[in-house]
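Structure first, commentary second.
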Amino acid sequence: MKRIVAAVLALFAAPAMRAQQPDIDRWWAHIVYLADDRMQGRQTGSKEHREAANYIADQFKKIGLKPGAGGGYLQPVKFVTRTLDESKSSLTIVRDSGEEPVKLGDEAMLNIRVKHAPRLETSMVFVGYGLTVPEMKYDDLAGQDVKGKVVVLLTGIPPGIPAPLYAHYATNRWHALQAAGAVGGVAIQNPKGQDVPWERQMQNRLIPQMVLEDPALDDNAGQQLAATVNPAHAEKWFTGSGHTFQEIMELANAGKPLPKFPLRGKVRSLISMGGEPITSENVVGILPGTDPKLKNEYVVVTAHFDHLGVGNPVNGDAIFNGAMDNASGAATLIETAAFAAAKKGFKRSVAFVAVTAEEKGLLGSKYFATKPTVPARSIVANLNTDMFLPLFPLKSLVAQGLEESDLAGDLRAAAEPAGLEVLTDPEPERNAFTRSDQYSFIRRGIPALSLKVGFTKDSPEHEMVKKWRTERYHAVTDDLSQPVDKQAAVEFNKIYAKVVESVANRSTRPAWNSDSFFKRFAPQTH
Ligand SMILES: [Zn+2]
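Numbering (the working numbering), first residue to last: 104 to 629.
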């Protein structure tokens, strides 16, 4: 009997889920506006990015959201740009036997987010993964003398370290290295974690970067050298050390611990950087809550709308349109706001925030989460979408952070009646939970979820996602001409809006699960 009821309900549920053409057209029109060539890839700080910000602000206004940043919708964020003059920069391994140049571009890239020292020449130590994870009593730096030296490390997860712990300590790695006395870091890219082929990364390497003007918000402050090494050219760093890169990779691939040892010779860097102050905006619209008490709490819904700007031409195209990354998420944010406003609001207030500078290291969201335009303590949850990839029909949702907080209940309540399965992240090794804007809120103790169109590991859909990443992720081909399953996107939007509704209407304040790693960041409230 129960089964029949479920089947009948499913029959009614299905057509309601079907996206209507006007919904599809509206969602896609936002993307067409934001990802058009005219928008020049929405580089943070550009006039086109500001135009995109004004477009989103206009949409928020039309929908009926209240201005969420003082008297207007725009929250200015101050940055300093960083540029690299590669022609005046060099990286060299200096040994008694002679000097070995490291070719910038082919063999290594300098991290432009870091304020490099103009000149550095110092010893090097190989420190395995270069990680310190106190919870697991894991310390690559134990017994190593790194004072005044550059550490050389392999990127990737050490065996036995849970993904969230890894993600946290990898993000904050420089703090531990600096505390141990290191002055710089050279990271050899683990071929296993290479989402984007080196050749494509190389093409993007000189795109200007930026940091928040406030030095207290710079996670890399004090780092004098930060380079990433192409694993295909890593061997030369190990010459004369008694070890080879091949040996290191064999151990890594076998899940065995990596040795730590001093490298022969010194690394010398001569680095010429430029930069200037710029301002770029977050866009904040508020839908006030309806409950006399709960309206003082805010659910913050985010999507970044910046992208990579313009790069070197590839087949005559130089514009990083960022249609899926993340005009799609910004469009979903606008549509979610429209849905919520049409319902005349929920018990809690909802702040819809389109953030800038995600591509620069989650900076717009970091700024908002640190200096919110609503009282910091009043933010109870963050929901985020970044590149949710509607490439195939919507049958399930992948939720990053599903295991971490009771927001999972809100998600299930929204998705399951529509016949959608809720799946855990099928690629935990990619640390997606800490790689987009939700992490800025997580670090402030706020429970968060990030949602994508679902797929299971090694399914044909997973192959489509992987293919998309290889061919289009951070490439000029993430543009308006790519195939998109708009039906899936708009069905996704409906469910996403229901999740927002559920979180905004629930009676209890969202909470981290008692065993969640991220609980440690939670502010001590009542
Ligand atoms: Zn991106």
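Virtual Cβ for every residue (Gly too), placed ideally from N, Cα, C.
- In this structure, the C-beta of Asn429 approaches ligand 1 to less than 8 Å from one of its heavy atoms.
- Secondary structure of Gly287 (DSSP, three-state): strand.
- Pairing Val525 with Leu552, the inter-Cα distance amounts to about 12 Å.
- Counting other Cβ atoms within 10 Å of its Cβ, Gln123 stays below 16 and is therefore classed as exposed.
- Here Ser200 is exposed, its C-beta having fewer than 16 other C-beta atoms within 10 Å.
- By a beta-carbon distance limit of 8 Å, Thr258 does not contact Val370. Their separation comes to about 18 Å.
- When only Cα atoms are considered, Val230 and Arg546 end up about 27 Å apart.
- Cβ-Cβ separation between Leu187 and Met376: approximately 6 Å, consistent with a contact (criterion under 8 Å).
- Between the alpha carbons of Gln247 and Thr235 lies a distance of about 12 Å.
- Within the DSSP bridge table, the entry for His410 names Gln146 as partners.
- In the three-state scheme derived from DSSP, where H, G and I count as helix and E and B as strand, Tyr401 is classed as strand.
- Contact check for Arg533 against Gly296 passes: the beta carbons are separated by less than 9 Å.
- Proximity of the beta carbon of His410 to ligand 1 is indicated: a heavy atom of the ligand is located closer than 8 Å.
- For the set Leu523, Arg308 and Val403, the Cα lying nearest the Cα of Asp540 is the one of Val403.
- In this chain, the beta strand (DSSP E) harbouring Pro380 covers Pro380 to Leu390.
- In this structure, Glu462 has its CB closer than 8 Å to one or more heavy atoms of ligand 1.
- For the stretch 529-586, the full-length beta strand (DSSP E) segments reaching 3 residues or more read 551-556 along the chain.
- For Lys369, DSSP records a beta bridge to Val197 and Ser226.
- Residue pairing by DSSP puts Ser508 in a beta bridge opposite Trp615.
- Residue side-chain check: His565 keeps its Cβ at 8 Å or more from all non-hydrogen atoms of ligand 1.
- In the three-state reduction of the DSSP assignment, Gly377 falls in the strand class.
- Distance from the CA atom of Lys622 to the CA atom of Ala614, rounded to whole angstroms, is 8 Å.
- Between ligand 1 and the CB of Gly425, the shortest heavy atom gap is smaller than 8 Å.
- In the three-state DSSP reduction, Asp420 falls in the strand class (E or B).
- Pairing Gly325 with Arg145 gives a Cβ-Cβ distance that is not under 9 Å.
- Here the alpha carbon of Ala273 sits roughly 18 Å from the alpha carbon of Lys363.
- If one requires a minimum length of 4 residues, the alpha helix (DSSP H) runs lying completely within the stretch 289-342 are 301-306, in chain order.
- Inter-residue distance for Leu244 and Pro237 is about 12 Å (C-alpha atoms, whole angstroms).
- Bridge pairing for Met212: Thr331 [DSSP].
- Taken in chain order, the complete alpha helix (DSSP H) segments of 4 or more residues contained in the stretch 432-498 are 466-473.
- Annotation for Thr274: the continuous alpha helix (DSSP H) segment containing it runs Ala266 to Thr274.
- Considering only Leu492, Thr527, Arg515 and Leu523, the residue with the shortest C-alpha distance to Glu506 is Thr527.
- Shown here, Pro237 sits in a helix according to DSSP, grouped into three states.
- Closest option to Leu256, judged by alpha-carbon separation, among Glu462, Phe495, Ile351 and Gln312: Ile351.
- Remark: the shortest separation between the CB of Asp540 and any heavy atom of ligand 1 does not fall under 8 Å.
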